[in-house]
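Participant:
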Amino acid sequence: GAGVSQTPSNKVTEKGKYVELRCDPISGHTALYWYRQSLGQGPEFLIYFQGTGAADDSGLPNDRFFAVRPEGSVSTLKIQRTERGDSAVYLCASSLWAPRLAGGGDEQFFGPGTRLTVL
Amino acid sequence: GENVEQHPSTLSVQEGDSAVIKCTYSDSASNYFPWYKQELGKGPQLIIDIRSNVGEKKDQRIAVTLNKTAKHFSLHITETQPEDSAVYFCAASGGYQKVTFGTGTKLQVIP
């Protein structure tokens, strides 16, 4: 079946502009995550949705970043007043959420990412 | 919060040799440890994971070990092949879904 898809694959914008990045999770996956990956680094957690609600947004760097998932499926990451330091690959992942398993955690399936460049 | 350290940052091996990547974590509450492989221009892909109630897990040429006392976990790839060349990430998670990644190991398998 289809995996996680993200659009656009590349986005170039100017400093100060507003951008939206879209994520389509795997059908039936109730959990959705956003990560940011800078060059040569591991993905850095931004926010996690369980259904429509943000269960954990502790990774959002500041109030310029906001994410929504209004119908519990597609999610949009929104960045206001972009800065050059926002340039990175933004990754989305989804998973089947299960009540806490013995030993915890379940597999997250990642999309290909959106490469954001702020000039 | 959780902190995951990963070594080495780069690793070159001859085809057929073994590769070992080591990670440490800081939060004793972490209980889920996935390993991801990331190829250029793609998102990370889970290759194997281990939970805190297990000390070792093997899947064909890949094995992971976990030492909860020492907060260490390792990835072992045997009989390496050129297609194993990629960046590998270890990660740790504590019961709910937030995952903390290591900084990655770039593995190069030389034919």
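Sequence order for the protein chains is A and B.
Quick note: the first sequence, position 31, residue 31 per the numbering used here, numbers continuous.
Remember, the numbering used here sits 1000 above the position in the second sequence when you count from 1.
Each residue gets a CB set at the ideal place from its N, CA and C atoms; glycine is no exception.
On a predicted model such as this, the values are computed, not experimentally measured, just so you know.
Report yes if the CB atom of aspartate 1049/B is closer than 8 Å to the CB atom of glutamate 107/A, and no otherwise.
Facilitator: Counted from its first residue, the second sequence places residue 1049/B at position 49. Counted from its first residue, the first sequence places residue 107/A at position 107. Contact: yes.
Participant: Would you tell me roughly how many angstroms separate the C-alpha atoms of valine 4/A and glutamine 41/A, rounded to the nearest one?
Facilitator: Within the first sequence, the letter at position 4 stands for residue 4/A. Within the first sequence, the letter at position 41 stands for residue 41/A. Approximately 21 Å, taken between the alpha carbons.
Participant: Can you name the residues of chain A whose CB is closer than 7 Å to the CB of proline 1044/B?
Facilitator: By one-based count along the second sequence, residue 1044/B stands at place 44. In chain order: Pro43 and Phe110.
Participant: Are any of the Cβ atoms in chain A nearer than 8 Å to that of glycine 1055/B?
Facilitator: The residue you call residue 1055/B lines up with position 55 of the second sequence. Taking Cβ atoms only, chain A never reaches closer than 8 Å to glycine 1055/B, which makes this a no.
Participant: Mind checking serine 1012/B: buried by the 16 CB within 10 Å criterion, or exposed?
Facilitator: Locating residue 1012/B in the second sequence gives position 12, where the first residue counts as 1. Exposed is the call here.
Participant: When you compare each of Leu96/A, Ser94/A and Ser87/A to threonine 114/A by their alpha carbons, which one comes out closest?
Facilitator: Taking the first sequence and counting its residues from 1, the one referred to as residue 114/A is at position 114. The shortest C-alpha separation from threonine 114/A is found at Ser87/A.
Participant: Return the first residue and the last residue of the beta strand (DSSP E) that glycine 1043/B is part of.
Facilitator: As a working mapping, residue 1043/B is identified with position 43 in the second sequence. Unbroken run through glycine 1043/B: none, as it is neither H nor E.
Participant: Leucine 91/A to proline 112/A, Cα distance in whole Å?
Facilitator: Start at 1 with the first residue of the first sequence, and residue 91/A comes out as number 91. Start at 1 with the first residue of the first sequence, and residue 112/A comes out as number 112. Cα to Cα, leucine 91/A sits roughly 7 Å from proline 112/A.
Participant: Using beta carbons (cut-off 8 Å, strictly below), is aspartate 1059/B in contact with chain A?
Facilitator: Along the second sequence, read from residue 1 onward, the residue named residue 1059/B stands at position 59. With 8 Å as the cut-off, aspartate 1059/B does not count as an interface residue toward chain A.
Participant: When DSSP labels each residue in this structure, what does glycine 40/A get in the three-state scheme?
Facilitator: Numbered from its first residue, the first sequence carries residue 40/A at position 40. Glycine 40/A: coil per DSSP, three-state reduction.
Participant: Which same chain residues end up closer than 8 Å to threonine 52/A when comparing Cβ atoms and leaving out the 5 residues on each side of it in sequence?
Facilitator: Looking up residue 52/A in the first sequence gives position 52. Arg69, Pro70, Glu71 and Gly72.
Participant: Closer than 8 Å is the cut-off here; do at least three beta carbon pairs connect the stretch 46-63 of chain A with the stretch 29-37 of chain A?
Facilitator: A contact exists between the stretch 46-63 of chain A and the stretch 29-37 of chain A.
Participant: Of the residues that make up the stretch 43-71 of chain A, which ones have a beta carbon closer than 7 Å to any beta carbon in chain B?
Facilitator: So the list reads Pro43, Phe45, Tyr48 and Asp56, given in the order they occur along the chain.
Participant: Quick one: grab the DSSP three-state call for glycine 85/A.
Facilitator: Indexing the first sequence from 1 puts residue 85/A at position 85. Helix.
Participant: Is DSSP giving valine 20/A helix, strand or coil here?
Facilitator: On the first sequence, position 20 is the one that residue 20/A refers to. Here the sequence assigns glutamate to residue 20/A, which means valine is not the residue at that position. Three-state result, glutamate 20/A: strand.
Participant: Checking contacts by CB at 8 Å: is leucine 21/A closer than that to chain B?
Facilitator: Residue mapping note: residue 21/A aligns to position 21 of the first sequence, counting from 1. Taking Cβ atoms only, chain B never reaches closer than 8 Å to leucine 21/A, which makes this a no.
Participant: I need the boundaries of the beta strand (DSSP E) containing isoleucine 1110/B, first residue and last residue.
Facilitator: The sequence position of residue 1110/B within the second sequence is 110, counting from 1. Start and end: 1105-1110.
Participant: Comparing C-alpha positions only, which one of Val89/A, His29/A and Thr30/A sits nearest to threonine 117/A?
Facilitator: Taking the first residue of the first sequence as 1, we reach residue 117/A at position 117. Of the listed residues, the one whose Cα sits closest to threonine 117/A is Val89/A.
Participant: Using beta carbons (cut-off 8 Å, strictly below), is aspartate 1049/B in contact with chain A?
Facilitator: Counting from one through the second sequence, the residue named residue 1049/B turns up at place 49. By this cut-off, aspartate 1049/B is an interface position.
Participant: Is the beta carbon of alanine 1070/B less than 8 Å from the beta carbon of tyrosine 1025/B?
Facilitator: Counting from 1 along the second sequence, the entry for residue 1070/B is found at position 70. Counting from 1 along the second sequence, the entry for residue 1025/B is found at position 25. Contact: no.
Participant: Proline 1034/B by DSSP, collapsed to three states: which one?
Facilitator: Working through the second sequence from its first residue, we reach residue 1034/B at position 34. In this structure, proline 1034/B counts as strand in the three-state DSSP scheme.
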